[in-house]
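Since the structure comes first, as structure tokens, the remarks are kept for the end.
What follows is the structure, given as structure tokens:
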């Protein structure tokens, strides 16, 4: 089955700086890669996703890049704000397969 | 994005009792819903996949008689933890798939504490 690895496990940045979280996957058949933000005591919230037919997607301060050849994808957050502090999970799946395989999570702390 | 609700948000029960958790898709119909379990500072662990009108598919190691799942309508799935014990204490999260998007949206989670 699919195996998704995520790094780093913790990340601290100064407010205004950028944050990058990286994930790798093992199954070349995976073609859908969402990113979720989870705040303490809450469920994960979808913040951005990318499908394998594109290499990059951007939504305001958040962007995701995908390298199918290397089987890795990354989340980029620019101009970080304290409210960006949360745990971020990457995931991968195959279209139509339903199952999401999650990474182990990254705890992002934005220092004011 | 699509909205998924869960009820209750937290529950405390005595060992040996059963607890039912509801998951609802509020603004869309979900033919497929998922139940996850999350331990503190860990990732989400898929417990089962629930399809409307059919039996749930459980992941390896998850006891189907312990965690009863019912998906009787396109907007509601329930998870019943039967004869709960302290080791069942955890954060249970459901998600629902928007079929047209092939995307899962998560509920806010239910924190279960078994005394």
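Protein chains in written order, with our numbering: chain A, 4 to 115; chain B, 10 to 124. Think of the CB as a built atom: it goes at the ideal place given N, C-alpha and C, for glycine as much as any other residue. Note that the structure is a prediction, hence the values are computed from the model and not measured.
Among the options, the one whose alpha carbon lies nearest that of residue i
{"i": "residue 8 of chain B", "options": "B:124, B:123, B:117", "result": "Residue 8 of chain B lies beyond the range of chain B shown here (10 to 124); nothing can be said about it."}
{"i": "residue 32 of chain B", "options": "B:100, B:124, B:48, B:115", "result": "B:115"}
{"i": "residue 113 of chain A", "options": "A:10, A:7, A:17, A:9", "result": "A:17"}
{"i": "residue 85 of chain A", "options": "A:102, A:42, A:49", "result": "A:42"}
{"i": "residue 103 of chain A", "options": "A:70, A:115, A:47", "result": "A:47"}
{"i": "residue 89 of chain A", "options": "A:98, A:50, A:55, A:72", "result": "A:50"}
{"i": "residue 108 of chain B", "options": "B:63, B:83, B:76", "result": "B:83"}
{"i": "residue 70 of chain B", "options": "B:85, B:78, B:62, B:54", "result": "B:54"}
{"i": "residue 8 of chain B", "options": "B:123, B:43, B:19, B:121", "result": "No information on residue 8 of chain B is available, as it lies outside the stretch 10 to 124 that chain B covers here."}
{"i": "residue 25 of chain A", "options": "A:5, A:15, A:54, A:92", "result": "A:92"}
{"i": "residue 75 of chain A", "options": "A:115, A:53, A:62", "result": "A:53"}
{"i": "residue 39 of chain B", "options": "B:95, B:62, B:93", "result": "B:62"}
{"i": "residue 13 of chain B", "options": "B:34, B:28, B:19", "result": "B:34"}
{"i": "residue 45 of chain B", "options": "B:25, B:94, B:76", "result": "B:76"}
Segment limits, beta strand (DSSP E) that includes residue i
{"i": "residue 75 of chain B", "result": "Per DSSP, residue 75 of chain B belongs to no beta strand (DSSP E) and is neither H nor E."}
{"i": "residue 8 of chain A", "result": "7-10"}
{"i": "residue 79 of chain A", "result": "75-80"}
{"i": "residue 39 of chain B", "result": "Taken as a continuous stretch (DSSP letters only), residue 39 of chain B belongs to no beta strand (DSSP E), as it is neither H nor E."}
{"i": "residue 110 of chain A", "result": "109-114"}
{"i": "residue 29 of chain A", "result": "First-last for residue 29 of chain A: undefined, no H or E at that position."}
{"i": "residue 68 of chain A", "result": "65-70"}
{"i": "residue 101 of chain A", "result": "Neither: residue 101 of chain A is in no beta strand (DSSP E) and is coded neither H nor E."}
{"i": "residue 123 of chain B", "result": "119-123"}
{"i": "residue 60 of chain B", "result": "53-60"}
{"i": "residue 105 of chain B", "result": "99-107"}
{"i": "residue 94 of chain A", "result": "89-95"}
Rounded separation between residue i and residue j - CA only
{"i": "residue 80 of chain B", "j": "residue 97 of chain B", "result": "22 Å"}
{"i": "residue 73 of chain B", "j": "residue 56 of chain B", "result": "9 Å"}
{"i": "residue 32 of chain A", "j": "residue 23 of chain B", "result": "45 Å"}
{"i": "residue 103 of chain B", "j": "residue 111 of chain B", "result": "16 Å"}
{"i": "residue 67 of chain B", "j": "residue 86 of chain B", "result": "14 Å"}
{"i": "residue 98 of chain A", "j": "residue 11 of chain B", "result": "19 Å"}
{"i": "residue 23 of chain A", "j": "residue 106 of chain A", "result": "15 Å"}
Residue i beta carbon near the ligand NAD (any heavy atom closer than 6 Å)
{"i": "residue 22 of chain B", "result": "For the ligand NAD, the structure offers nothing, since it holds no ligand at all."}
Environment of residue i [buried if 16+ CB atoms lie within 10 Å]
{"i": "residue 59 of chain A", "result": "exposed"}
{"i": "residue 113 of chain B", "result": "buried"}
{"i": "residue 56 of chain A", "result": "exposed"}
{"i": "residue 8 of chain A", "result": "exposed"}
{"i": "residue 15 of chain B", "result": "buried"}
{"i": "residue 59 of chain B", "result": "buried"}
{"i": "residue 96 of chain A", "result": "buried"}
{"i": "residue 34 of chain A", "result": "buried"}
{"i": "residue 36 of chain B", "result": "exposed"}
{"i": "residue 124 of chain B", "result": "exposed"}
Exercise. Counting pairs of Cβ atoms below 8 Å between the stretch 76-95 of chain A and the stretch 58-66 of chain A, do you hit three or more?
Worked result: Output reads yes: the stretch 58-66 of chain A touches the stretch 76-95 of chain A.
Problem set entry | Stretch pair the stretch 87-102 of chain B + the stretch 43-51 of chain B: three plus CB contacts closer than 8 Å | Touching, per the Cβ criterion.
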